[in-house]
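Numbering (the UniProt record's numbering), first residue to last: 1 to 117. We put the beta carbon where it would ideally sit given N, CA and C, even for glycine. Contents: one structure, followed by commentary.
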Amino acid sequence: MPLYEHVMIARQDLSNAQAESLVEHFGTVLADNGGNVIDSEYWGVKTMAYKINKNRKGHYSFLKTDAPAGAVQEMERLMRLHDDVMRVLTIKVDEHNEGPSVQMQKRDEREGRRERR
Numbered sequence: 001m002p003l004y005e006h007v008m009i010a011r012q013d014l015s016n017a018q019a020e021s022l023v024e025h026f027g028t029v030l031a032d033n034g035g036n037v038i039d040s041e042y043w044g045v046k047t048m049a050y051k052i053n054k055n056r057k058g059h060y061s062f063l064k065t066d067a068p069a070g071a072v073q074e075m076e077r078l079m080r081l082h083d084d085v086m087r088v089l090t091i092k093v094d095e096h097n098e099g100p101s102v103q104m105q106k107r108d109e110r111e112g113r114r115e116r117r
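Below, the structure is given as structure tokens:
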């Protein structure tokens with residue numbers, strides 16, 4: 001099955017538990033349609049570059065999935081209809097990277113960074 005990565009932004013006025021329960025909810029939607037969530041990360045509340053629906057901040061979540069295209073389309077459709085979800089980005093990838101995403105790594109652990117002058 002194809003591999004996907006999803007980033008979801010939820011409204012800022014949700015609690016952390018509510019934002020994480022959204023990820024679990026959409027994971028079950030994906031599982032009901034024949035896919036599975038390989039890994040999920042909650043990135044926390046972050047400031048956005050511009051306002052979306054009068055919100056300056058949002059709860060960011062990241063999902064690594066292995067699912068057929070129909071299951072991903074159904075999950076995205078339900079995400080777009082949900083009132084608490086502001087934005088969704090889905091990318092099809094060849095393989096998932098091992099370990100945590102770049103957002104979750106500490107600055108010291110990141111590879112390939114050069115020193116600032």
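Residue i - containing alpha helix (DSSP H), residue span
i: residue 25; result: 16-32
i: residue 73; result: 69-81
Residue i burial status per 10 Å Cβ neighbour count (16 or more: buried)
i: residue 104; result: exposed
i: residue 24; result: exposed
i: residue 28; result: exposed
i: residue 77; result: exposed
i: residue 72; result: buried
Cβ shell of residue i (< 6 Å), same chain only, five flanking positions each side left out
i: residue 7; result: 62, 89
i: residue 40; result: 23, 63
i: residue 75; result: 26, 29, 30
i: residue 46; result: 60
i: residue 51; result: none
i: residue 19; result: 10, 59
Bridge-paired residues (DSSP) for residue i
i: residue 8; result: 61, 88
i: residue 39; result: 64
i: residue 55; result: 52
i: residue 44; result: 60
Neighbourhood of residue i by C-beta distance below 8 Å, restricted to the same chain and skipping five residues each side
i: residue 79; result: 8, 26, 85, 88
i: residue 96; result: 3, 5, 38, 39, 64
Near the ligand NAD: residue i beta-carbon under 7 Å from a heavy atom
i: residue 65; result: Among the components of this structure there are no ligands whatsoever, and the ligand NAD is therefore not found.
Beta-carbon contacts of residue i that lie in its chain and below 7 Å, excluding the five residues immediately before and after
i: residue 53; result: 86
i: residue 49; result: none
i: residue 66; result: 1, 3, 35, 36, 38
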